[in-house]
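Working notes for the structure below.
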Amino acid sequence: SPTLEDEAGTLTSGEASVEAEPLPWEQPLDRENSPGLPPPLLKVLTNRHLPGAPRLQPDSRSLRYMKRLYKAYATKEGIPKSDRSHLYNTVRLFTPCAQHQQPSWGQVTGVLQSMDLLFNLDRITDHEYLLKSVLLYSLKNPVSFSSTPKCMCHLVVKEPECSSPFCFGSPRSFTFNLQFELRKNHKWIEIDVTTLLQPLVASNKRNIHIALNFTCLKNQQNPVQDELFDMARLMAPSLLVYLNDTSAQAYHRWNSLRYKRRHQLSPDQRDLFFYHKEEELTQDRKFSRRRR
Amino acid sequence: DEEIGDSKAKSPTMPVSYNLSEYLKQFLFPENECQLHDFKLSFSQLKWDNWIVAPHRYNPRYCKGDCPRLVGHRYGSPVHTMVQNIIYEKLDSSIPRPSCVPAKYSPLSVLTIELDGSIAYKEYEDMIATKCTCQ
Chain F
301 SPTLEDEAGT
311 LTSGEASVEA
321 EPLPWEQPLD
331 RENSPGLPPP
341 LLKVLTNRHL
351 PGAPRLQPDS
361 RSLRYMKRLY
371 KAYATKEGIP
381 KSDRSHLYNT
391 VRLFTPCAQH
401 QQPSWGQVTG
411 VLQSMDLLFN
421 LDRITDHEYL
431 LKSVLLYSLK
441 NPVSFSSTPK
451 CMCHLVVKEP
461 ECSSPFCFGS
471 PRSFTFNLQF
481 ELRKNHKWIE
491 IDVTTLLQPL
501 VASNKRNIHI
511 ALNFTCLKNQ
521 QNPVQDELFD
531 MARLMAPSLL
541 VYLNDTSAQA
551 YHRWNSLRYK
561 RRHQLSPDQR
571 DLFFYHKEEE
581 LTQDRKFSRR
591 RR
Chain W
144 DEEIGDSKAK
154 SPTMPVSYNL
164 SEYLKQFLFP
174 ENECQLHDFK
184 LSFSQLKWDN
194 WIVAPHRYNP
204 RYCKGDCPRL
214 VGHRYGSPVH
224 TMVQNIIYEK
234 LDSSIPRPSC
244 VPAKYSPLSV
254 LTIELDGSIA
264 YKEYEDMIAT
274 KCTCQ
């Protein structure tokens, strides 16, 4: 099965000493000629292999979050930690490719933010199945509250406009109200949108349009929250998706059939399972921070 | 039997200082026998560090060395290996001798920046050799 090296396509292939036969990705791109490399990988190779292919750079906050996730999941040598019992072997972080925000501010309850976000999820391959997804707000400084304010999030997901003449009916939209608490001293706010995104990703929708606003009960006595609202208002959330890559070159912690038989999880149990996992992860983080 | 008699007569006098375990070791584990070796590379050497954020160093390890004639249990090699050896020695030397290859691997977690600027954490199968065998 192709490994990282195949997928990457040595960028130094020009210097490679291979004179005899052309490297797989240097042959014509039609499927018949590519020896042993499945087509998607060939696509990746040509992308990566094209000299000077433009590579967009992620923002530093997203990179910092993913580096922390990497440290939580793998050792320094890059070996996945065996104490992780999650099913996913792939985590992707997307930043919105377009956003419009209408910061509005209620007197009684501070409307924290309303935004129109467009995410392009083309990097999710056909072999990757969505297990969990969260909207991720990052705060510049960990803000501590006297009490954990309750927040309400109102999400509308609009299916992409359909251009082909064979589409029937108007694009559907799903409306969700999510309750959540702003955790103390947290630099990130996670809003679980799994149930909202799963059907769209499963039906191969890759352009996700989300209109959201969330409000938090304003606390007169505690001006610091204004600071929180101001900060969060400025930043658009990223979209984090946890996936199970079923392709041959991905690492499968255990044989999924054996796992399913042993731990028959109904959908809501699975959510509970993930919720507890997240709790565990949060506890781990707190414990490790305290220990440090 | 005669040979043994002779060798007794001409047995090489083992130097007194040479201890038995060292003497035996040369038969049990000859120098360049098939075993695992390290090869630490950093992705910047491959000019991949513009899209591979972590890990900084990657040690795929590799197997190298001779496969002794009777490999037996030590390499966990199948009986087929001895058959292949016999074919090579007795019947047809164009048949290759068993070679020293990886038998087990461990996965590798990689953090990459995709072309569209999104960030991916992925776990790849079979990226680090952890055991060698002769086959």
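Protein chains in written order, with our numbering: chain F, 301 to 592; chain W, 144 to 278. Cβ atoms here follow ideal geometry from the backbone N, Cα and C, with glycine treated the same way. The structure presented is a predicted model; accordingly, all values stated were derived computationally and were not measured.
Between the CA atoms of residue j and residue i - distance to the nearest angstrom
i, j, result
"His427 (chain F)", "Val501 (chain F)", "12 Å"
"Asp416 (chain F)", "Gln399 (chain F)", "5 Å"
"Asp359 (chain F)", "Tyr231 (chain W)", "60 Å"
"Tyr264 (chain W)", "Lys233 (chain W)", "52 Å"
"Cys451 (chain F)", "Leu512 (chain F)", "13 Å"
"Leu431 (chain F)", "Ala246 (chain W)", "32 Å"
"Trp194 (chain W)", "Ser252 (chain W)", "14 Å"
"Gln278 (chain W)", "Ala272 (chain W)", "15 Å"
"Cys275 (chain W)", "Thr255 (chain W)", "30 Å"
"Leu184 (chain W)", "Met270 (chain W)", "13 Å"
"Val434 (chain F)", "Asn389 (chain F)", "16 Å"
"Phe186 (chain W)", "Asn202 (chain W)", "11 Å"
"Leu540 (chain F)", "Leu387 (chain F)", "16 Å"
"Arg200 (chain W)", "Asp235 (chain W)", "44 Å"
"Leu258 (chain W)", "Cys453 (chain F)", "32 Å"
"Ser385 (chain F)", "Glu266 (chain W)", "14 Å"
"Tyr429 (chain F)", "Asp545 (chain F)", "6 Å"
"Leu363 (chain F)", "Ala197 (chain W)", "11 Å"
Opening and closing residue of the alpha helix (DSSP H) in which residue i lies
i, result
"Ala372 (chain F)", "360-373"
"Val226 (chain W)", "222-229"
"Val501 (chain F)", "494-502"
Limits of the beta strand (DSSP E) - the one that residue i falls within
i, result
"Thr273 (chain W)", "262-277"
"Thr390 (chain F)", "390-394"
"Lys183 (chain W)", "Counting along the chain, Lys183 (chain W) falls outside any beta strand (DSSP E), and DSSP gives it neither H nor E."
"Leu245 (chain W)", "Here residue 245 (chain W) turns out to be Pro, not Leu, going by the sequence shown. Residues 243-256."
"Ile195 (chain W)", "195-197"
"Tyr542 (chain F)", "538-545"
"Tyr205 (chain W)", "205-207"
Closer than 9 Å at the beta carbon, the chain F residues around residue i
i, result
"Val196 (chain W)", "Leu363, Met366, Lys367, Tyr370"
"Pro239 (chain W)", "Simply none; closest approach about 20 Å."
"Ile256 (chain W)", "Arg355, Leu356, Gln357, Pro358, Leu363"
Helix, strand or coil at residue i [DSSP, three-state]
i, result
"Ser382 (chain F)", "coil"
"Glu490 (chain F)", "strand"
"Leu167 (chain W)", "helix"
"Glu428 (chain F)", "strand"
"Lys233 (chain W)", "helix"
"Tyr597 (chain F)", "The structure shown does not extend to residue 597 (chain F), since chain F is modelled only from 301 through 592, so no value can be given for it."
Chain-ordered chain W contacts of residue i [CB-CB under 8 Å]
i, result
"Thr395 (chain F)", "Gly260, Ser261"
"Thr390 (chain F)", "Ala263, Tyr264, Lys265, Glu266"
"Asn420 (chain F)", "Asp259"
Where residue i meets chain F, residues with beta-carbon distance less than 8 Å
i, result
"Asn202 (chain W)", "Glu377"
"Ser249 (chain W)", "Ile379"
Neighbouring residues, chain W, relative to residue i (Cβ below 9 Å)
i, result
"Arg423 (chain F)", "Glu257, Leu258, Asp259, Ser261, Ala263"
"Asp545 (chain F)", "Lys265, Glu266"
"Ala374 (chain F)", "Ala197, Pro198, Leu251, Ser252, Val253, Leu254, Tyr264, Glu266"
beta-carbon residue i near the ligand ATP non-hydrogen atom, thresh 7 Å
i, result
"Asn513 (chain F)", "The ligand ATP is not part of this structure, which contains no ligands at all."
Review point. Can we say the region 200-216 of chain W touches the region 175-191 of chain W, given the rule of at least three CB pairs closer than 8 Å?
Key: yes
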